[in-house]
Each structure stands twice: as C-alpha cells, then as structure tokens.
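Have a look at the structure below before the remarks.
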Amino acid sequence: MTIPWDQPATMIDLDGKTPIIGTIRDCVMHFALFKPFAREQARILLTQPVARAGRKTRTWILNPDEIEALVVRMQAERESLN
0 MTIPWDQPAT MIDLDGKTPI IGTIRDCVMH FALFKPFARE QARILLTQPV
50 ARAGRKTRTW ILNPDEIEAL VVRMQAERES LN
C-alpha cells in the first residue's frame, strides 16, 4: 500500500476520543506512540481510497494492522536517511 505522507487524513478512535486531523504522517506518528489498547481502537480515515492487497475494492479506512505497516515503513525510511 503506497500512500503519500502528505495526504490529508483523520485518525479516529472507536472509544470516541477527539480525532486527530492532519496528514497521514501525523496520524502514523501518533499511532506509533499509542499503547496496545489504544492501537486496537484506532482507525485512519483517508481522503482518497487506496487498494488493499488481495481485495478487489479500494478502501477509505485503514485498520490497525495496516497502520502498523505504515509505522514500519516510516521507521525504515527514517533509518535509511541516517
């Protein structure tokens, strides 16, 4: 899944906490700081749908496992710069 880091996005919490509105990078950075319980409750709402591996349709919402993959991508990109 390739999503540009500057794409606008909103992170929502199934517990009803205040959403985080910013870029996908902002949302992923906040997700990386969450405790495991909060990670399970987090979702990211995209402004443009993306294709998911193994599915025919595109999605507007990223689940925790997909957000975790973006955290790994962000960390790998950060390490490659050093």
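Under numbering that gives the first Met the number 0, the final residue of the sequence shown carries the number 81; numbering is consecutive throughout. Idealized CB from N, CA, C, for every residue including glycine. Computed from a prediction, not measured in an experiment: that's the story for all the values here.
Reduced DSSP category for ASP5 - H, G, I as helix; E, B as strand; rest coil = Walking along the sequence shown from the start, residue 5 turns up at place 6. DSSP places ASP5 in coil when its eight states are reduced to three.
Based on Cα-Cα distance, which residue from ALA52, THR1, GLY15 lies nearest to ALA37?
-> In the sequence shown, residue 37 corresponds to position 38, counting from 1. Closest by alpha carbon: GLY15.
Look at the Cβ atom of LEU69, then the Cβ atom of ARG42, and state whether they are nearer than 8 Å.
-> Locating residue 69 in the sequence shown gives position 70, counting from the first residue. Locating residue 42 in the sequence shown gives position 43, counting from the first residue. No, these two residues do not count as a Cβ contact at 8 Å.
For THR1, which option in ARG57, LEU80, SER79 has the closest C-alpha, if you only look at C-alpha atoms?
-> The count along the sequence shown starts at 1 and reaches residue 1 at position 2. Checked all of ARG57, LEU80, SER79; the closest Cα to THR1 is ARG57.
If you run the structure through DSSP and keep just helix, strand and coil, what is MET0?
-> As a working note, residue 0 is residue 1 in the sequence shown. Coil at MET0, not helix or strand.
Classification of VAL27 by the beta-carbon crowding that lies within 10 angstroms, buried from 16 upward = Here residue 27 refers to the residue found at position 28 when the sequence shown is read from its first residue. Per the 10 Å Cβ criterion, buried.
Check whether TRP4 and ILE20 have beta carbons under 8 Å apart | Along the sequence shown, read from residue 1 onward, the residue named residue 4 stands at position 5. Along the sequence shown, read from residue 1 onward, the residue named residue 20 stands at position 21. No, the Cβ-Cβ distance between TRP4 and ILE20 is not below 8 Å.
How is the alpha helix (DSSP H) around PRO63 delimited, first residue to last?
-> Within the sequence shown, the letter at position 64 stands for residue 63. Element bounds for PRO63: 63–80.
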